[in-house]
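Structure first, then comments.
There are 2 protein chains.
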Amino acid sequence: MGPMDETPWLDDAEQRAWRRTAAVMTLLPAALDAQLQRDAGLTQFSYLTLAMLSETPGRTLPMSALAATVNSSLSRLSHVVARLEQQGWVTREPSPESGRVTVARLTDAGMEKVRETAPGHAAEVRRLIFDALDDEGVASLACVTAAILGRLDPAGGMRANPLSREAHPVDDRPATG
Amino acid sequence: MGPMDETPWLDDAEQRAWRRTAAVMTLLPAALDAQLQRDAGLTQFSYLTLAMLSETPGRTLPMSALAATVNSSLSRLSHVVARLEQQGWVTREPSPESGRVTVARLTDAGMEKVRETAPGHAAEVRRLIFDALDDEGVASLACVTAAILGRLDPAGGMRANPLSREAHPVDDRPATG
DNA sequence: CCATGTTACTTGATGCTTCAACCCACAGCC
DNA sequence: GGCTGTGGGTTGAAGCATCAAGTAACATGG
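Those protein sequence lines, which keep their order, are chains D and H. In terms of my numbering, the first sequence opens at residue 1015 and continues consecutively. In terms of my numbering, the second sequence opens at residue 1015 and continues consecutively.
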């Protein structure tokens, strides 16, 4: 039923790896969302949005740039920022530099929210992921995810835009001074 | 601001690994969903549901058992199976063995749907994951995901129920005769 | 054989994500 | 200065997930 009779399916090792990966992709986000929802009333995505703003000098970013850093569509971000704005954690203002960009700004209340929320979230990430891995495991994870990311987002891994991982490479902890 | 001053945050290596993992968890499901949606009008989750049924002898499973194999809540599964039933790919019938279990059965049309869909999906999984990894990478991935799964689903990794990975260990390709 | 509890499953409401359509600002061209 | 195109952002509707509540079948103790 197609021109793919050469490398069909997956061998046993791949199959095993894939099933586990699929299970992790199902269960891990659910677990992290559960913690954030319970303790902070936030989605993983909305927390990430706040956290990324909190790490940015000036605590402001154009919507497009923010969308790129949190790997989302502009539409999704727009909806989410609208909700965050209603909560008083973010404001939106037209950019002085260009009439068509909107910059999102983290308010003081938003900063405070991130400060409150970050420790619990980091603890959960540690508990679910890093407590299960030794140093070699952490290295493996970094290596494998980097390889996969390269295929998922060929531009993202190597891009030269002003907000890429190259420009301000993963400098500090989520939302810490 | 809390009693967690002992193992706070994440160190640099962990931070790097976590950011990449988070990005993969965002982008990879989106990419796989996109392929399935485009080529088959299915969600990753609804495809998985059909595929798991297709691999079961008799092509039937109680809802609870099916929910366990696809790592979902019964509620979610119930909604999804309702949609699959409307499409004619699955039917639901009360179990003869117990008045309170419902068994889901994959119809011939459903089986055909899986046969049509599986190759393209497998190809995408291969393209996005395994083409990026050598044998050692695959081994790392299996190992790391197994460790994480152990924390996420302590019962799931070791359970002895009739549908666990131990009982019919990843025998064949997704939905192939 | 009725009361209580538990298991298996369904339903409805609510909220988030996605998709397509849209508006506005600016650039290039004539 | 109008015409067209593209990039940045927003909006509304539709689909899917999640949560809380509900029903029905069985078990257990009185």
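Built from N, CA and C at the ideal position, the CB exists for glycine as well. From a predicted model like this one, the values you see are computed outputs, not experimental measurements.
{"Query": "Suppose only complete runs of 3+ residues qualify. What are the beta strand (DSSP E) ranges in the stretch 1053 to 1083 of chain D, listed by chain order?", "Result": "1074 to 1076"}
{"Query": "Less than 8 Å between the C-beta atoms of VAL1104 (chain H) and ALA1118 (chain H), yes or no?", "Result": "yes"}
{"Query": "Could you tell me whether the Cβ atoms of VAL1095 (chain D) and LEU1062 (chain D) are closer together than 8 Å?", "Result": "no"}
{"Query": "In three-state terms, what does DSSP make of PRO1110 (chain D)?", "Result": "coil"}
{"Query": "Which residues, in order along the stretch 1155 to 1166 of chain H, keep a beta-carbon less than 8 Å from a beta-carbon of chain D?", "Result": "LEU1155, ALA1156, CYS1157, VAL1158, THR1159, ALA1160, ALA1161, ILE1162, LEU1163, GLY1164, ARG1165 and LEU1166"}
{"Query": "Can you give the Cα-Cα distance for LEU1080 (chain D) and GLY1124 (chain D), rounded to whole angstroms?", "Result": "16 Å"}
{"Query": "In three-state DSSP terms, what is LEU1147 (chain D)?", "Result": "coil"}
{"Query": "Could you tell me if LEU1120 (chain D) is buried or exposed, where buried requires 16 or more neighbouring beta carbons within 10 angstroms of its beta carbon?", "Result": "buried"}
{"Query": "Hey, out of H:LEU1147, H:GLN1049 and H:ARG1106, whose CA is closest to MET1134 (chain H)'s CA?", "Result": "The question names Met, but residue 1134 (chain H) is Gly in the sequence shown. If we check each option's Cα against that of GLY1134 (chain H), H:GLN1049 comes out closest."}
{"Query": "Helix, strand or coil, according to DSSP, for THR1159 (chain H) in the structure here?", "Result": "helix"}
{"Query": "Kindly list the residues whose CB is nearer than 8 Å to the CB of LEU1142 (chain H), restricted to its own chain and excluding five residues on each side of it in sequence; keep chain order.", "Result": "LEU1042, ALA1045 and LEU1046"}
{"Query": "Looking at the structure shown, is THR1121 (chain H) part of a helix, part of a strand, or coil, going by DSSP?", "Result": "coil"}
{"Query": "Check the Cβ of MET1039 (chain H) against every Cβ in chain D and list those closer than 7 Å, keeping chain order.", "Result": "MET1039, LEU1042 and PRO1043"}
{"Query": "Label ASP1185 (chain D) either buried or exposed according to how many other C-beta atoms from any shown protein chain fall within 10 Å of its C-beta, with 16 as the threshold for buried.", "Result": "Because ASP1185 (chain D) sits at a pLDDT of 35, beneath the cut-off of 50, its placement in the model cannot be relied upon, and the point is left open."}
{"Query": "Quick one: does TRP1103 (chain D) have its CB under 8 Å from some CB of chain H?", "Result": "no"}
{"Query": "Whole angstroms are fine: how far does the CA of LEU1098 (chain D) sit from the CA of GLU1130 (chain D)?", "Result": "16 Å"}
{"Query": "Would you report the Cα separation of ALA1027 (chain H) and CYS1157 (chain D), rounded to the nearest angstrom?", "Result": "11 Å"}
{"Query": "State the start and end residues of the unbroken alpha helix (DSSP H) segment that holds SER1092 (chain H).", "Result": "1088 to 1101"}
{"Query": "Where DSSP assigns a beta bridge to VAL1104 (chain H), which residues make up the other side?", "Result": "H:LEU1120"}
{"Query": "Counting only Cβ-Cβ distances shorter than 8 Å, please list the residues of the stretch 1135 to 1156 of chain D near chain H, keeping chain order.", "Result": "ALA1136, ALA1137, VAL1139, ARG1140, ARG1141, LEU1142, ILE1143, PHE1144, ASP1145, ALA1146, LEU1147, ASP1149, GLY1151, VAL1152, ALA1153, SER1154, LEU1155 and ALA1156"}
{"Query": "Does the beta carbon of ALA1031 (chain D) come closer than 8 Å to any beta carbon on chain H?", "Result": "yes"}
{"Query": "Chain D partners of GLU1028 (chain H), CB-CB under 7 Å?", "Result": "PHE1144 and VAL1152"}
{"Query": "Within 10 Å of its beta-carbon, does LEU1088 (chain H) have 16 or more other beta-carbons around it, so buried, or fewer, so exposed?", "Result": "exposed"}
{"Query": "Under three-state DSSP, which class holds ARG1173 (chain H)?", "Result": "In this predicted model, ARG1173 (chain H) has a pLDDT of only 41, less than 50, meaning its place in the structure is not dependable enough to derive any value."}
{"Query": "Taking the straight line between their C-alpha atoms, what separation do you get for TRP1032 (chain H) and LEU1091 (chain H)?", "Result": "30 Å"}
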